[in-house]
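J.: Here the UniProt record's numbering is used: position 42 in the sequence shown is 42, and no number is missing along the way.
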Amino acid sequence: MNTLHVIAHSPFGDERLASCLRLLGPHDALLLCGDATYALKAGSAPSAALQAANLGERLFALAEDLHARGLDSPLAKAVDYPAFVELSLHYDKVNSWL
């Protein structure tokens with residue numbers, strides 16, 4: 001069963017991102033939104049962890065949140081809200097890391 005994991009909390013405040021990366025299956029995807037997009041900040045430890053996870057086409061970030069935080073990263077594909085809905089329909093399960 002493939003899962004879309006959604007994280008909205010800053011990777012600098014807790015271990016949600018690290019825990020999620022440990023649990024990701026080979027067909028799972030990760031969507032960063034809200035303050036979780038800070039994980040894409042170049043040169044940061046969370047960015048290095050995302051690079052090491054080698055998610056490729058399975059790493060997404062909400063474009064609106066990237067823009068609001070002045071971020072841009074080649075690591076994640078920026079998606080709008082309609083694309084977020086499409087992603088949630090594409091995966092068997094959606095797991096929000098509250």
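Note that CB positions come from ideal geometry on N, CA and C, so glycine has one too.
Would you report the Cα separation of PRO74 and LEU50, rounded to the nearest angstrom?
T.: Here residue 74 is taken as the residue at index 74 of the sequence shown, counted from 1. Here residue 50 is taken as the residue at index 50 of the sequence shown, counted from 1. Looking at the two C-alpha atoms, the distance is approximately 11 Å.
J.: Three or more C-beta pairs closer than 8 Å, one from the region 7-15 and one from the region 82-89: is that the case here?
T.: no
J.: Across which residues does DSSP place SER96 in a beta bridge pair?
T.: Within the sequence shown, the letter at position 96 stands for residue 96. Beta-bridge pairing links SER96 to VAL6.
J.: List the whole-angstrom C-beta distance separating LEU40 from SER47, where the pair is believed to meet the contact cut-off of C-beta under 8 Å.
T.: In the sequence shown, residue 40 corresponds to position 40, counting from 1. In the sequence shown, residue 47 corresponds to position 47, counting from 1. Under the criterion of beta carbons closer than 8 Å, LEU40 and SER47 qualify as touching, at roughly 6 Å.
J.: Assuming ARG89 is part of the alpha helix (DSSP H), what are its boundary residues?
T.: Position 89 of the sequence shown, counting from 1, holds the residue named residue 89. The residue you asked about is not Arg; residue 89 is Leu in the sequence shown. Looking at the DSSP string, the run of the alpha helix (DSSP H) that includes LEU89 is 81-90.
J.: Check whether the Cβ atoms of THR37 and LEU66 sit closer than 7 Å, and answer yes or no.
T.: As a position in the sequence shown, residue 37 is number 37, starting the count at 1. As a position in the sequence shown, residue 66 is number 66, starting the count at 1. It is a contact, given that the beta carbons lie within the stated cut-off.
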